[in-house]
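Q: Dumping the structure here so I can ask a few things about it.
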Amino acid sequence: MQSQLPNIDAALFQQPAATSFAAMGASTHPPRFLLLYGSLRERSYSRLLTEEAARLLEAMGAEVRIYDPRGLPLPDEAPESDPKVMELRELVQWAEGMVWCSPERHGAMTGIMKSQIDWIPLSIGAVRPTQGKTLAVMEVSGGSQSFNAVNQLRILGRWMRMITIPNQSSVPKAFLEFDDAGRMKPSSYYDRVVDVMEELVKFTLLTRDVAPYLVDRYSERKESAEALSQRVNQRSI
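Using the working numbering, you'd call the opening residue of the sequence shown number 177 and step up by one each time.
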């Protein structure tokens with residue numbers, strides 16, 4: 177191999193094998209999901225849609241937490257020790273999958289939605305809190321159906337190294353889709369939400385125990401080896 181791939185460190189190169197998954201076991205606890213929504217309005221349709229998603233996930237046997245963004249400071253406005261920031265980060269580490277639901281405002285996700293995601297770091301110490309976890313994205317809009325917000329959320333999910341499921345939900349004219357009690361009316365849009373949550377649970381059950389293997393990368397193994405070598409050399413100086 178060394179002659180064919182001279183740039184490869186043979187000691188760190190691995191050939192993926194299906195047998196590697198079999199030895200990882202299977203968790204027996206319910207899948208854990210954190211749900212985020214992107215509006216502070218009293219009648220927030222992104223919150224109502226998130227609550228519908230939570231009911232569905234619980235009916236499918238999952239454990240669910242919904243984060244309330246009220247009181248969360250803007251990124252860099254407060255220290256990481258702020259109680260709302262700490263609450264969010266603890267929930268992210270607890271979760272095995274997430275649902276992000278934002279209104280579409282001016283053709284984009286809301287600042288409230290983005291602020292929550294911006295407070296989630298790519299790493300906390302040696303732990304990457306979102307890497308390898310599943311993600312479902314949803315949006316609501318006041319006008320005709322659009323996919324700008326969910327497309328942006330997908331980009332962010334990829335940036336946070338999450339496994340974003342193929343299906344998604346976009347609910348247009350959301351003010352028509354919920355009754356006075358805040359429950360979503362029967363419709364094809366509701367059926368799509370059921371589909372998305374079902375797919376999220378399936379992907380999470382499939383990947384949660386093997387996520388460390390799925391996201392194990394040659395470049396990071398190499399970087400770790402180089403960092404170790406540097407530390408050893410520094411001690412010998």
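Beta carbons are placed, not taken as given, at the ideal position from N, Cα and C, and that holds for glycine. Here the structure is a predicted model, which means the values were calculated and not measured.
1. Can you check DSSP and say which residues form a bridge with S278?
2. Should the segment 357-365 be called in touch with the segment 286-294, which here means at least 3 C-beta pairs below 8 angstroms?
3. Quick one: give me the first and last residue of the alpha helix (DSSP H) that E374 is part of.
4. Classify E353 as helix, strand or coil using the three-state DSSP reduction.
5. Given this structure, state the Cα-to-Cα distance separating Q341 from Q190, to the nearest angstrom.
6. Could you give the first and the last residue of the continuous alpha helix (DSSP H) run that contains R334?
7. How is I296 classed by DSSP in three states: helix, strand or coil?
8. Buried or exposed: which applies to P259, given that a residue is buried once 16 or more other Cβ atoms fall within 10 Å of its Cβ?
9. Quick one: grab the DSSP three-state call for I339.
10. Could you tell me if S412 is buried or exposed, where buried requires 16 or more neighbouring beta carbons within 10 angstroms of its beta carbon?
11. Give the single residue among M200, G237, L212 whose Cα lies nearest to the Cα of E227.
12. Would you kindly work out how many angstroms separate the C-alpha atoms of G308 and I331, rounded to a whole number?
A: In short:
1. For the purposes of this step, residue 278 is taken as residue 102 along the sequence shown, with counting starting at 1. Partner(s): E315.
2. The segment 357-365 makes no contact with the segment 286-294: fewer than 3 CB pairs, one atom from each, lie closer than 8 angstroms.
3. Taking the first residue of the sequence shown as 1, we reach residue 374 at position 198. Taken as a continuous stretch (DSSP letters only), the alpha helix (DSSP H) holding E374 covers 364-383.
4. The residue you call residue 353 lines up with position 177 of the sequence shown. Reduced to three states, the DSSP call for E353 is coil.
5. For the purposes of this step, residue 341 is taken as the residue at position 165 of the sequence shown. For the purposes of this step, residue 190 is taken as the residue at position 14 of the sequence shown. Here residue 341 is Ile; the residue named in the question, Gln, does not match the sequence. About 26 angstroms.
6. Counting from one through the sequence shown, the residue named residue 334 turns up at place 158. Per DSSP, R334 is one residue of the alpha helix (DSSP H) stretching across 324-335.
7. Translated into positions along the sequence shown, residue 296 becomes position 120. Note: I296 maps to coil in three-state DSSP.
8. The residue you call residue 259 lines up with position 83 of the sequence shown. Exposed, by the Cβ-count rule.
9. Looking up residue 339 in the sequence shown gives position 163. Three-state DSSP puts I339 in a strand.
10. Numbered from 1 along the sequence shown, position 236 holds the residue referred to as residue 412. Reliability fails at S412, whose pLDDT of 46 lies under 50, so the model's placement of it is uncertain and no value is given.
11. In the sequence shown, counting from the first residue as 1, residue 227 sits at position 51. In this structure, L212 is the residue among M200, G237, L212 with its C-alpha nearest to the C-alpha of E227.
12. Here the question's residue 308 lines up with position 132 in the sequence shown. Here the question's residue 331 lines up with position 155 in the sequence shown. Taking the straight line from one Cα to the other gives about 15 angstroms.
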